[in-house]
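Chains as they are written, first to last, in my numbering: chain A, 23 to 196; chain B, 2 to 157.
Structure, rendered in structure tokens:
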């Protein structure tokens, strides 16, 4: 069974208390339509499991098939450097038809980011290294497509449906 | 018949890469080879699996490895699939006699008429150093491949 090789750390984008009993890590791609669907499921899980859940998102842009995936990942990371990672993350997943360069800029403006800084950060070596690092860690952990979820450290096979993720996290059938 | 285990000499093969182009395992002598058997072009799980390997080519390259995938589909089918999915590594056609190479590696599903989902790492001398048979419906990812390549590097 594939296992998460890169433990959740302070450098991760997380929602939820660090001491949460249930940990869900997603490797995703902003241009992947399945990841867009999965984001809705994640929100439902967050709403139902509340402070019992720590959710972590890491990048796995399949840039060969999704030409906007890498710039979109850069945009989320750049927004993160201005403390708006999750706002950009959700915006991108809710507007997957608007991931071209002009749209990314308008997202940055809508979030009232410093746009000059956003542009330079999105393409900076630091951000690119972070994305590449996410991908490498994901590959070593057995990421096998997007999205790939790890529940409490183990890869979730069988899809990103609500019931499957709850069962993987809690061992309970809903 | 079960998948050839580590320590076995990798059976030689020559398969079509394109209508007028053939590739032999011997062409890869001197490098590590990641050999991927998969059931069929276009089936959703294979698509994901190969898309991930396609994206991870730089990591395989860093480990001195070339990746090659084999199914029973024809060269024309492979060409259309590779173009559609932008796959930049060889897809070889184990087409005639059907599945002969998959059979030689113990990676053929006689009941279905296509290859298993199987992964092998072959060293520069042509010896299988790792092999893994995945349940058909489970996409195996690259963790096992990368671990095998790492341990090969450690032994050099």
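Each residue gets a CB set at the ideal place from its N, CA and C atoms; glycine is no exception.
Task: For residue 88 (chain B), three-class secondary structure by DSSP - done: Counted from its first residue, the second chain places residue 88 (chain B) at position 87. Coil.
- [ ] Assess, as a yes-or-no matter, whether the stretch 145 to 153 of chain B is touched by the stretch 62 to 72 of chain B under the definition of 3 or more beta carbon pairs within less than 8 Å.
- [x] Output reads yes: the stretch 145 to 153 of chain B touches the stretch 62 to 72 of chain B.
- [ ] Decide yes or no for the touch test of the stretch 124 to 134 of chain A against the stretch 95 to 107 of chain A: beta carbon pairs closer than 8 Å, at least 3 of them.
- [x] Cβ pair count under 8 Å is three or more, so yes.
Task: For residue 32 (chain A), the nearest candidate out of A:78, A:53, A:140, A:148 (CA to CA) - done: In the first chain, counting from the first residue as 1, residue 32 (chain A) sits at position 10. Selection A:78, A:53, A:140, A:148 evaluated against residue 32 (chain A) yields A:78 as nearest (Cα-Cα).
TODO: Anything in chain B within Cβ reach of residue 87 (chain A), meaning under 7 Å, just list it in chain order.
DONE: Counted from its first residue, the first chain places residue 87 (chain A) at position 65. 52, 86, 87, listed in chain order.
Open item on the list: Looking at chain A, is there any beta carbon in it that lies within less than 8 Å of the beta carbon of residue 33 (chain B)?
Closed with: The residue labelled residue 33 (chain B) in the question sits at position 32 within the second chain. Output row for residue 33 (chain B): interface = no.
- [ ] Measure from the C-beta of residue 48 (chain A) to each C-beta in chain B and report whether the shortest distance is under 8 Å.
- [x] Taking the first residue of the first chain as position 1, residue 48 (chain A) is located at position 26. Residue 48 (chain A) does not count as touching chain B.
Open item on the list: List, from N- to C-terminal side, the alpha helix (DSSP H) runs of 4 residues or more that fit wholly inside the stretch 30 to 92 of chain A.
Closed with: Entirely contained in the stretch 30 to 92 of chain A, the alpha helix (DSSP H) runs reaching 4 residues are, in chain order, 55 to 71.
Open item on the list: Let me see if you follow: with CB-CB separation under 8 Å, is residue 24 (chain A) close to chain B or not?
Closed with: Stepping through the first chain from its first residue, residue 24 (chain A) is reached at position 2. Taking Cβ atoms only, chain B reaches closer than 8 Å to residue 24 (chain A), which makes this a yes.
TODO: Spell out whether any CB of chain B is found under 8 Å from the CB atom of residue 74 (chain A).
DONE: Here residue 74 (chain A) refers to the residue found at position 52 when the first chain is read from its first residue. No, residue 74 (chain A) lies away from the interface with chain B (no Cβ there is under 8 Å from its Cβ).
Task: Extent of the continuous alpha helix (DSSP H) to which residue 109 (chain A) belongs - done: By 1-based counting over the first chain, the position of residue 109 (chain A) is 87. For residue 109 (chain A), the enclosing alpha helix (DSSP H) stretches over residues 107 to 116.
Task: CA-to-CA distance, residue 194 (chain A) to residue 6 (chain B), given in whole angstroms - done: On the second chain, residue 6 (chain B) is found 5 positions in, with the first residue counted as 1. On the first chain, residue 194 (chain A) is found 172 positions in, with the first residue counted as 1. Their Cα atoms are separated by approximately 38 Å.
TODO: Note down the Cα distance separating residue 158 (chain A) from residue 49 (chain A), rounded to an integer number of angstroms.
DONE: The residue given as residue 158 (chain A) occupies position 136 in the first chain. The residue given as residue 49 (chain A) occupies position 27 in the first chain. Roughly 11 Å between the two C-alpha positions.
- [ ] Using a cut-off of 8 Å between C-beta atoms, extract the partners of residue 60 (chain B) located in chain A.
- [x] For the purposes of this step, residue 60 (chain B) is taken as residue 59 along the second chain, with counting starting at 1. Those within 8 Å of residue 60 (chain B) in chain A are 158, 161.
Task: Rounded distance between the beta-carbons of residue 87 (chain A) and residue 86 (chain B), thought under 8 Å - done: For the purposes of this step, residue 86 (chain B) is taken as the residue at position 85 of the second chain. For the purposes of this step, residue 87 (chain A) is taken as the residue at position 65 of the first chain. The pair is a contact, with the Cβ atoms about 6 Å apart (cut-off 8 Å).
Task: Any C-beta of chain A under 8 Å from that of residue 150 (chain B) - done: As a first step, residue 150 (chain B) must be located in the second chain, where it is residue number 149. It does not; no Cβ of chain A falls within 8 Å.
TODO: Would you tell me roughly how many angstroms separate the C-alpha atoms of residue 36 (chain B) and residue 133 (chain B), rounded to the nearest one?
DONE: As a working note, residue 36 (chain B) is residue 35 in the second chain. As a working note, residue 133 (chain B) is residue 132 in the second chain. Going from the Cα of residue 36 (chain B) to the Cα of residue 133 (chain B) covers about 11 Å.
Open item on the list: Quick check on residue 81 (chain A) - is its C-beta less than 8 Å from some C-beta in chain B?
Closed with: Position 59 of the first chain, counted from the first residue, corresponds to residue 81 (chain A). Between residue 81 (chain A) and chain B, the shortest Cβ-Cβ separation is not below 8 Å.
Open item on the list: For a contact defined as C-beta to C-beta under 9 Å, what are the partners of residue 63 (chain A) on chain B?
Closed with: Within the first chain, residue 63 (chain A) is the residue found at index 41, counting from 1. Within chain B, not a single residue places a beta-carbon under 9 Å from that of residue 63 (chain A); the smallest gap is close to 18 Å.
Task: Range covered by the beta strand (DSSP E) that runs through residue 132 (chain B) - done: Counting from 1 along the second chain, the entry for residue 132 (chain B) is found at position 131. Annotation: the continuous beta strand (DSSP E) that includes residue 132 (chain B) extends over 129 to 135.
TODO: Give the secondary structure of residue 101 (chain B) by DSSP, where H, G and I count as helix, E and B as strand, and everything else as coil.
DONE: Numbered from its first residue, the second chain carries residue 101 (chain B) at position 100. Residue 101 (chain B): helix per DSSP, three-state reduction.
Task: CA-to-CA distance, residue 115 (chain A) to residue 124 (chain A), given in whole angstroms - done: Here residue 124 (chain A) refers to the residue found at position 102 when the first chain is read from its first residue. Here residue 115 (chain A) refers to the residue found at position 93 when the first chain is read from its first residue. Whole-angstrom Cα-Cα distance: 16 Å.
Task: First through last residue of the alpha helix (DSSP H) which encompasses residue 137 (chain A) - done: Working through the first chain from its first residue, we reach residue 137 (chain A) at position 115. Per DSSP, the unbroken alpha helix (DSSP H) holding residue 137 (chain A) starts and ends at 137 to 144.
Task: For residue 35 (chain A) and residue 152 (chain A), the rounded distance between their alpha carbons - done: Mapped onto the first chain, residue 152 (chain A) falls at position 130. Mapped onto the first chain, residue 35 (chain A) falls at position 13. Roughly 12 Å separates the two Cα atoms.
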